[in-house]
Structures are given as C-alpha cells and as structure tokens.
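Chains A and B, in that order, give the protein sequences. Numbered by the numbering used here, the letters in the first sequence go through residues 196 to 409 in order. Numbered by the numbering used here, the letters in the second sequence go through residues 196 to 409 in order. Following: one structure in structure tokens, then a few remarks.
Number of protein chains: 2
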Amino acid sequence: MSKSEISACATEVKPYHHGDLRRQLLDAAANLIREEGEAALSMRKLALAVGVSRTAPYHHFSDKQALLCAVAEEGFRRFRRIVTTHLDTAEPAAVIDEAAIRLFIRRYIDFAVNNAEYYDLMFGGHLWKSEQLTASLKDEAYTSFKVYVDQIRCWQKARLVSLTVDPLRYAQVSWSTLHGMSRLLIDGIYLDSEAVAAMSDAAANMFWQQLQTA
Amino acid sequence: MSKSEISACATEVKPYHHGDLRRQLLDAAANLIREEGEAALSMRKLALAVGVSRTAPYHHFSDKQALLCAVAEEGFRRFRRIVTTHLDTAEPAAVIDEAAIRLFIRRYIDFAVNNAEYYDLMFGGHLWKSEQLTASLKDEAYTSFKVYVDQIRCWQKARLVSLTVDPLRYAQVSWSTLHGMSRLLIDGIYLDSEAVAAMSDAAANMFWQQLQTA
DNA sequence: TGCAAATATAGACAGCGTCAAGATGCCTTG
DNA sequence: CAAGGCATCTTGACGCTGTCTATATTTGCA
Numbered sequence: 196m197s198k199s200e201i202s203a204c205a206t207e208v209k210p211y212h213h214g215d216l217r218r219q220l221l222d223a224a225a226n227l228i229r230e231e232g233e234a235a236l237s238m239r240k241l242a243l244a245v246g247v248s249r250t251a252p253y254h255h256f257s258d259k260q261a262l263l264c265a266v267a268e269e270g271f272r273r274f275r276r277i278v279t280t281h282l283d284t285a286e287p288a289a290v291i292d293e294a295a296i297r298l299f300i301r302r303y304i305d306f307a308v309n310n311a312e313y314y315d316l317m318f319g320g321h322l323w324k325s326e327q328l329t330a331s332l333k334d335e336a337y338t339s340f341k342v343y344v345d346q347i348r349c350w351q352k353a354r355l356v357s358l359t360v361d362p363l364r365y366a367q368v369s370w371s372t373l374h375g376m377s378r379l380l381i382d383g384i385y386l387d388s389e390a391v392a393a394m395s396d397a398a399a400n401m402f403w404q405q406l407q408t409a
Numbered sequence: 196m197s198k199s200e201i202s203a204c205a206t207e208v209k210p211y212h213h214g215d216l217r218r219q220l221l222d223a224a225a226n227l228i229r230e231e232g233e234a235a236l237s238m239r240k241l242a243l244a245v246g247v248s249r250t251a252p253y254h255h256f257s258d259k260q261a262l263l264c265a266v267a268e269e270g271f272r273r274f275r276r277i278v279t280t281h282l283d284t285a286e287p288a289a290v291i292d293e294a295a296i297r298l299f300i301r302r303y304i305d306f307a308v309n310n311a312e313y314y315d316l317m318f319g320g321h322l323w324k325s326e327q328l329t330a331s332l333k334d335e336a337y338t339s340f341k342v343y344v345d346q347i348r349c350w351q352k353a354r355l356v357s358l359t360v361d362p363l364r365y366a367q368v369s370w371s372t373l374h375g376m377s378r379l380l381i382d383g384i385y386l387d388s389e390a391v392a393a394m395s396d397a398a399a400n401m402f403w404q405q406l407q408t409a
C-alpha cells in the first residue's frame, strides 16, 4: 500500500493488538540497558519484558540493530533538548564567558553519565562501526554536531571569540575532550566522581583560554 | 621457558601438546578482533583458528573475560613501548615544546587507530565496567596513567611548564581529549582521516597554550 | 461482506559460553 | 623402569542468543 519506506525506525505506527508495542519496546530496551548493561539486552528478554512472544518485536524493527538505532535516536532527541537549552531560551551572546562554558560542559557530562544507556548507543562504536545505521540516525548525529559548530561561529560573530580559531577544528577537539571524559567516566576508568566537577572546570578553563587568545 | 611474571590470568604454563597454545591464542584473538571486530570474537572460532577443540582454551584462561584481559595486557605493553619511547631515549627537558607535544599526540592517536583491537580492550567499557578485570591489568593501566602525570611533573620541574597547572587535572583533561579523539576515530564517528593531523595539531596548540599561560 | 495488510505466534536452526566427564600424553617419584 | 599424578585436550550437553519460516489472528478498507 503506502510505499514501505524501508521502515527503519519509521514514523508513527499505531499498533492495535498489544497497544503501543513499538514505544513500549523502546522504553523497555532503554530500561534493560540501564539496569543490566547493553550486552545483557536480548530481543527475547525484551519481548518477555513487555509480554509478547519472541518474534513479535521483529514486526516493528527489522533487526536488533534497528531497535538499537531507534533507541539511539530517542537519545539524540533528549540530548538536544538538554544540551541546547540555553540556545533556545537566551541570547548566547549575552552570557558567553568561562562560566557559561563551565555550565555547558557540566550539562554535557551530566547527560552522558546520567543517560549512559542512551549515550553508549548514540556515540558508541557498536552502531557506528556497523555501517548499518539508519539514515535518520546519521542525520540526527550530524545535526547535533552542526549545532555545536554553529554555536562557536555564533560566538565568533559576536566578537566574543578570537577569529583566529577555526570553528571546525575547535569543535572537533573540544568535543573530543567532552566525549573522552564522558567515556572514561561511563566506562568506569575514571572512578572518582568527586573529581568530575574539577575536571570539568579545568576543561572549561582550557577551552576558554583557547577561545580568547588563539 | 621464560617466566612471564605478571601474567595473572594464569601462571606461566608451558604447553606441550599443542606447542605454545597460550601465546597462539592471544595472537589469534588479537588478529580475529582486528579483522572482524571484538563482537565477532568467539571462543569457539578462536579455538578453531588455532586448531584445537572448543574447550581447550579454557585450560589456559578461566573465562572469555580472562582471555580478553590478557590481550589487553599485551596491548598495554606495546602501548608503553611506543608512547614512552622519547622518555627512555632522550631528556624530555631538552626537547619539550609545542612540536614535542604534537609528536606525542600523533604517537598516541597513531597507536590507538592502528592497534584498535588492543585499544578497544585496554580502554573500553567492556572490561572495565565488568568489575572482573585482572589486578595486573589494573596495575598496568594505572602505571600508564602515572607515567603520563609524571611526565607533566617532570616538565614542571624543569620550569618548562607553568607551576599553576595542576598536573593531575591537566593529565585527566588532556588524556580525555586524546582518548576522545581516538574513540571517535576508531568508532567511525570521525571519518575524515585527512583531518586527523589537523585535529592533532589543534589539540597540541591547545595543550601547549594551557601549559604556558595557565 | 470479504480481502489484503498488519500484527502476533510457535517451531526450528545455527551459533554462543561454559560446565562435566572422559581420554591422552608428559613429568616426577619411588 | 614402572606407577601414579597432573596438565592438557576432547566430546557431550545445557541453556541462551538472533532470526528465518510458516501459521494464526486481528484490523482497516473496498
């Protein structure tokens, strides 16, 4: 009938048998990952958790991979909502200083650590290396990064940031820092949660200094 | 019959039936991971690859986890050998400048990207989150980080780096950057391999500036 | 009303980690 | 040199996994 658009993480479907199976699968998957880790998530357990048979999820997601992609997309939506809040609500030009950067960093790390089940999927090799990730997921990720670069360009335009800074390179490096810190914390390599704030602030100091005098 | 002393997952064994099974398992595991990815490594495939039965590896490693720990340890040995070369061969005080930092960063990224099969295990959540990693592996990792911090302290002692820099915080943040870049490259999120050098140098610039004027 | 599509189900298959028993070969000790 | 012990390797089995292939049920629409 309607041209099946490869249905990968498709638009709203309204299931009838079970209710809203698709949504429940996504939520249950995130919960399972949060509680038992990504490795412990299995399609069968997931199906059992929402009370359907093993193969029922396959009518909403072609793959386990597709399911994970959809969870990651949900993560990106939450990510954008949280991290870019100040862009929507206030003029960045009015507030940009080291403190603002500190806030941004803390928001980022906070999201990563407290939504690890999403962050792992969004920026983990599992999906990205597989070359099977949804086009919409790629878009979502690309947009998120673009917002980040644009923010820097915006600061530059407002003469709040040195024009000698290459926004793309700066974004790549600083995002690497944020991502690295997040990963080290999530993966349990950096354990001292007391030090998170100090580390964040040290990073902010570094970023700010670079923005001013580069 | 060398005594591989710190091998924790098993005492030094000298297999006779197969030859040096333990070593061959470690090498084959690294190869399999390199060629097909960590997820594709199975104990059965590994056993098949070296020509023994499925359960033979379990006489050398109690777990799949233990096997992976041993591979990671091998990775740490290579890592230290490559990254800390200039510490052993030359006086750091004589050469430390932005160019030296550039070199260090490139070495680090280079190792990570070209030895991804080891890097994934060494600094990936799979082992670290599991709380089952070998004590010797923890030591190895701790030592690597300590070398990194000490290097900064060394620079400070030589008055080449501002004393206002907190070596620990600086090490944490800058390592986060290196780790983040490595992960983003390995995981296929940063794809433009052309940009690696530019990114590395941008990071070096950032680090150097911080070291001088903080 | 009837038909096609959407949705759910059970059955089956190959692959996985790994435990339990049994077989094989080497080293040490008497 | 014989005997026992032990490290090593093998086969068998169990429960788990992802997912393919039917088959059954429900729904929306002509």
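Where is the CB? At the ideal position from N, CA and C, for every residue including glycine.
Open item on the list: Would Tyr303/B and Val278/B qualify as a contact pair, given that the criterion is a beta-carbon distance under 7 Å?
Closed with: Yes, they are a contact pair.
- [ ] Closer than 9 Å by beta-carbon distance: list the chain B residues that pair up with Val342/A, in chain order.
- [x] Ordered by position in chain B, no residue passes the 9 Å Cβ test against Val342/A, which lies about 16 Å from the chain.
Task: Whole-angstrom distance between Ala223/A and Ile291/B, CA atom to CA atom - done: Going from the Cα of Ile291/B to the Cα of Ala223/A covers about 52 Å.
TODO: Can you pull the chain A residues whose beta carbon is under 8 Å from the beta carbon of Trp323/B, in chain order?
DONE: Simply Asp382, Gly383, Ile384.
Task: Beta carbon proximity, Ser331/A to chain B, threshold 7 Å - done: Look at Ser331/A: its C-beta is not under 7 Å from any C-beta on chain B.
TODO: For the alpha helix (DSSP H) containing Phe271/A, list its first residue and its last residue.
DONE: In the DSSP annotation of this structure, the continuous segment of the alpha helix (DSSP H) that includes Phe271/A starts and ends at 259-278.
Open item on the list: At the 7 Å Cβ level, is Arg229/A part of the contact set with chain B, yes or no?
Closed with: False, the Cβ-Cβ gap to chain B never drops below 7 Å.
Open item on the list: Using 8 Å for Cβ pairs, my map puts Lys324/B next to Asp382/A. What's the rounded Cβ distance?
Closed with: Contact between Lys324/B and Asp382/A is confirmed by a C-beta separation of about 6 Å, below the 8 Å threshold.
Task: Straight-line gap, Arg217/B to Gly319/A (C-alpha atoms, nearest Å) - done: Here the alpha carbon of Arg217/B sits roughly 31 Å from the alpha carbon of Gly319/A.
Open item on the list: DSSP three-state label for Asp361/B, please.
Closed with: Of the three classes helix, strand and coil, the one that applies to Asp361/B here is coil, per DSSP.
Open item on the list: Let me see if you follow: with CB-CB separation under 7 Å, is Met238/B close to chain A or not?
Closed with: Output row for Met238/B: interface = no.
Task: Minimum length 4: unbroken alpha helix (DSSP H) runs contained in the segment 297-335 of chain B - done: Runs of the alpha helix (DSSP H) inside the segment 297-335 of chain B: 311-318, 320-323.
- [ ] Can you tell me which of Leu220/B, His321/B, Lys352/B puts its alpha carbon nearest to the alpha carbon of Glu269/B?
- [x] Per the Cα distances, Leu220/B.
- [ ] Go ahead and label Glu233/B buried or exposed: buried means 16 or more other beta carbons lie within 10 angstroms of its beta carbon, across all protein chains shown.
- [x] By the Cβ neighbour-count rule, Glu233/B is buried, with 16 or more other Cβ atoms within 10 Å of its own.
Open item on the list: Whether or not the segment 392-408 of chain A and the segment 388-406 of chain B are in contact is what I'm after, with contact meaning three or more pairs of Cβ atoms, one per stretch, closer than 8 Å; do they touch?
Closed with: Taking 8 Å as the limit for Cβ pairs, the verdict is that the segment 392-408 of chain A does touch the segment 388-406 of chain B.
Task: Cβ-based burial, Tyr337/A [other Cβ within 10 Å; buried from 16] - done: Per the 10 Å Cβ criterion, exposed.
Open item on the list: With distance defined between alpha-carbon atoms, name the residue in Arg275/B, Ser369/B, Leu373/B nearest to Ser395/A.
Closed with: Per the Cα distances, Ser369/B.
Open item on the list: Is there a C-beta anywhere in chain A that falls below 7 Å from the one on Ser388/B?
Closed with: For Ser388/B, no CB of chain A lies under 7 Å from its own CB, so it is not counted at the interface with that chain.
TODO: Would you please state the rounded distance, in angstroms, between the beta carbons of Val344/A and Leu363/A? I believe it to be under 8 Å.
DONE: Confirmed, Cβ separation roughly 6 Å.
TODO: Whole angstroms is fine: what's the gap from Glu326/A's alpha carbon to Ser377/B's?
DONE: Approximately 19 Å, taken between the alpha carbons.
- [ ] Determine which residues of the segment 397-408 of chain B have a Cβ less than 9 Å from any Cβ of chain A, and write them out in chain order.
- [x] Per Cβ criterion, the list reads Ala397, Ala398, Asn400, Met401, Phe402, Gln404, Gln405, Thr408.
Task: Host alpha helix (DSSP H) of Lys356/B (start-end) - done: According to the sequence displayed, residue 356/B carries Val and not Lys. Judged by DSSP secondary structure, Val356/B falls outside any alpha helix (DSSP H); it is assigned neither H nor E.
Open item on the list: Strictly under 7 Å for the Cβ-Cβ distance: is Val368/B near chain A by that measure?
Closed with: It does: the Cβ of Val368/B has a partner Cβ on chain A nearer than 7 Å.
- [ ] Look at Arg229/A and Arg239/A and say whether their C-beta atoms are less than 7 Å apart.
- [x] Not in contact: Arg229/A and Arg239/A (Cβ atoms no closer than 7 Å).
Open item on the list: Give me, in chain order, the residues of the same chain whose beta-carbon lies closer than 8 Å to that of Leu227/B; leave out the 5 immediate sequence neighbours on both sides.
Closed with: Non-local C-beta neighbours of Leu227/B in its own chain, meaning closer than 8 Å and more than five positions away in sequence, comprise Ala235, Leu236, Lys240, Leu241, Ala244, ordered along the chain.
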